[in-house]
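Asks: After the structure tokens below, expect a handful of questions from me.
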DNA sequence: ACTAGTCTACCGACCGCCCGGTAGGTTGGC
DNA sequence: GCCAACCTACCGGGCGGTCGGTAGACTAGT
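Protein chains in written order, with our numbering: chain A, -18 to 196; chain B, -18 to 196.
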């Protein structure tokens, strides 16, 4: 949940105002995540950070800008903590594992911003939405390219890279809907399980994966 | 999109009024799906069916009741077209295939109601929400039980049935976010691909699935 | 040390708008 | 004449957003 604080660190003037702004983004992301963007009022956010609505407007330009800021931050997070590390990996199979593991880990650590990223697109202004959608498409293409590379190596047969990429993304993003940090499973267990499933889902398993003796 | 019409057929008095009511549900589901429940006004729905807001209220009790009706219908759909057919299948592996195939097919045919079912839960009254969540949990448990049966047969090793069930559900539900009926892929292709991936994701693949010669 | 001015960080009150919902008609087919 | 199937007109309320202030920290001049 403290991940949004890095917004403050990244900007030049690292003073109290930036701390406050980061706190606002962090709370807004949490509430948007829990109640949904449209069901959340500016008053809700203001109250959560101990301000009045008018006071909050000293820090933000508007509700839609706030949403766009959170979603841009989430995309930055994805770029830095998933795509960049994975780009450095040459072997497609290892790269796929890196993508799934890093993405799943990010979601178990702080799902707010990343979940808003996929659920509240229609709340944005058309221009902002196009910006975010472009970046999302780049990510899916990155995964699809990795699957295509695996196919070229002969490790995957008969799988459409686009369908494969979308399916893996769905599996990963869905984690935020059921995983609870205080639940039965440790975050790293979940990350490992999902990574194993994802790899198994796309890798070529000779001609048949059943072990039935009767065939 | 005509699936909600069966609401009319299911109720006793199958006259013109029921046709109109079904048309309202169908349009409401489509708009809720496209814009989200909170971002959709009663006026939007009324206009879509060629009525004024007051005219619409002749048919519905309120916005929340409308949402609950749509979600209940979606759960009925899931029960009848996924769970019931799958329950008749004894072999766990075939049953899993049946679940994924039927569910994925349902989504490619008409994703509106089924997608609202998972995205707009917080729009319901607490009592209604509990009702829907119970039914959803039953579904996930049904899949998890199937995975547990596969594990008992030795076809799956080292996979937590709950994580497996959730992951498969995520993969399936995500289809509604990227599949377009007018796109490059045929619905049945997508259904088949996703089913293959889902089965591969959970089935035991001896000890290693790579084909690298260097190991 | 004292004061005058300035600026940051807020608040109370308010605006226009649109929301979900309703009261009380009106109309056309039987 | 009656009733199903609508409509026009309206309500209270909450929304996103703005305006005019102001307490208090800080700075500068004397």
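Note that CB positions come from ideal geometry on N, CA and C, so glycine has one too.
Any idea what DSSP makes of residue 18 of chain B, helix, strand or coil?
Replies: Residue 18 of chain B: coil per DSSP, three-state reduction.
Asks: Which whole-angstrom value is the C-beta distance of residue 140 of chain A and residue 174 of chain B, which I expect to be below 8 Å?
Replies: That pair is a contact at about 7 Å.
Asks: Note the first and the last residue of the continuous alpha helix (DSSP H) segment covering residue 70 of chain A.
Replies: Unbroken run through residue 70 of chain A: none, as it is neither H nor E.
Asks: Buried or exposed for residue -5 of chain B, please, with buried defined as at least 16 other CB atoms from any protein chain shown within 10 angstroms of its CB.
Replies: With a pLDDT of 45 at residue -5 of chain B, under the threshold of 50, the modelled position of that residue is not reliable, and the figure given next carries that caveat. Exposed, since its Cβ has fewer than 16 Cβ neighbours within 10 Å.
Asks: Going by DSSP, what residue range makes up the alpha helix (DSSP H) through residue 158 of chain A?
Replies: Where residue 158 of chain A is concerned, the enclosing alpha helix (DSSP H) stretches over 156 to 159.
Asks: Using a C-beta to C-beta distance shorter than 8 Å, which residues of chain B count as neighbours of residue 175 of chain A?
Replies: The answer, in chain order, is 144 and 148.
Asks: Helix, strand or coil, according to DSSP, for residue 31 of chain B in the structure here?
Replies: Coil at residue 31 of chain B, not helix or strand.
Asks: With 9 Å as the threshold, decide whether the Cβ of residue 55 of chain B is near any Cβ in chain A.
Replies: No, its Cβ sits nowhere closer than 9 Å to a Cβ of chain A.
Asks: Cβ atoms of residue 180 of chain B and residue 74 of chain B: under 9 Å apart, would you say?
Replies: Taking 9 Å as the Cβ cut-off, residue 74 of chain B and residue 180 of chain B qualify as a contacting pair.
Asks: Where residue 13 of chain B and residue 135 of chain A are concerned, what is the direct C-alpha to C-alpha distance, given to the nearest angstrom?
Replies: Distance between the alpha carbons of residue 13 of chain B and residue 135 of chain A: 43 Å.
Asks: For residue 17 of chain A, decide whether its Cβ has a neighbour in chain B, counting only Cβ atoms nearer than 9 Å.
Replies: Cβ-Cβ to chain B under 9 Å: yes for residue 17 of chain A.
Asks: Could you confirm whether any beta carbon from chain B is found closer than 9 Å to the beta carbon of residue 141 of chain A?
Replies: Yes, its Cβ sits closer than 9 Å to a Cβ of chain B.
Asks: Suppose you measure from the CA of residue 1 of chain B to the CA of residue 42 of chain A; what does that come to, to the nearest Å?
Replies: Cα to Cα, the separation comes out at about 44 Å.
Asks: Against chain A, with Cβ distances strictly below 9 Å, would residue 52 of chain B count as a contact?
Replies: Taking Cβ atoms only, chain A never reaches closer than 9 Å to residue 52 of chain B, which makes this a no.
Asks: Assuming residue 176 of chain B and residue 85 of chain B make a contact with CB atoms under 8 Å, what is their CB distance in whole Å?
Replies: Going by Cβ atoms, the distance from residue 176 of chain B to residue 85 of chain B rounds to 7 Å, so yes, they are a contact pair.
Asks: Could you check which residue in B:59, B:22, B:130 and B:30 has the C-alpha nearest to that of residue 99 of chain B?
Replies: Per the Cα distances, B:59.
Asks: Counting Cβ pairs, one atom from each stretch, are 3 or more of them under 8 Å apart for the region 144 to 160 of chain A and the region 152 to 170 of chain B?
Replies: Touching, yes, given that three or more Cβ pairs across the two stretches are closer than 8 Å.
Asks: Going along the chain, which unbroken runs of the alpha helix (DSSP H) with 4 or more residues stay wholly within the region 130 to 175 of chain A?
Replies: Counting only runs of 4 or more, we get 142 to 154 and 156 to 159.
Asks: With a CB to CB cut of under 6 Å and the five nearest residues on each side skipped, what residues in its chain are close to residue 92 of chain B?
Replies: The answer, listed in chain order, is 157.
Asks: Secondary structure at residue 82 of chain A, three-state DSSP: helix, strand or coil?
Replies: Three-state DSSP puts residue 82 of chain A in a helix.
Asks: With 8 Å as the C-beta to C-beta threshold (strictly closer), list the residues of the region 71 to 93 of chain B near chain A in chain order.
Replies: Those residues of the region 71 to 93 of chain B that come within reach of chain A (Cβ to Cβ, closer than 8 Å) are 74.
Asks: With distances taken between CB atoms, is the gap from residue -2 of chain B to residue 38 of chain B smaller than 9 Å?
Replies: No, the Cβ-Cβ distance between residue -2 of chain B and residue 38 of chain B is not below 9 Å.
Asks: Output the distance between the C-alpha atoms of residue 163 of chain B and residue 33 of chain A, rounded to the nearest integer angstrom.
Replies: Near 48 Å, if we compare the C-alpha coordinates of residue 33 of chain A and residue 163 of chain B.
Asks: Quick check: is the beta carbon of residue 111 of chain A nearer than 9 Å to any beta carbon in chain B?
Replies: It does not: the Cβ of residue 111 of chain A has no partner Cβ on chain B nearer than 9 Å.
Asks: Give the secondary structure of residue 206 of chain B by DSSP, where H, G and I count as helix, E and B as strand, and everything else as coil.
Replies: Past the edges of chain B, shown from -18 to 196, lies residue 206 of chain B, and the structure says nothing about it.
Asks: Any Cβ of chain A within less than 9 Å of the Cβ of residue 100 of chain B?
Replies: True, the Cβ-Cβ gap to chain A drops below 9 Å.
Asks: Out of A:119, A:108, A:96 and A:87, which one is the CA nearest neighbour of residue 51 of chain A?
Replies: Of A:119, A:108, A:96 and A:87, the residue nearest in Cα terms is A:96.
Asks: Output the distance between the C-alpha atoms of residue 46 of chain A and residue 126 of chain B, rounded to the nearest integer angstrom.
Replies: When rounded, the distance between both Cα atoms is 45 Å.
Asks: Between residue 44 of chain B and the rest of its own chain, which residues show a CB-CB distance below 7 Å, the 5 nearest in sequence each way excluded?
Replies: Here the set comprises 23.
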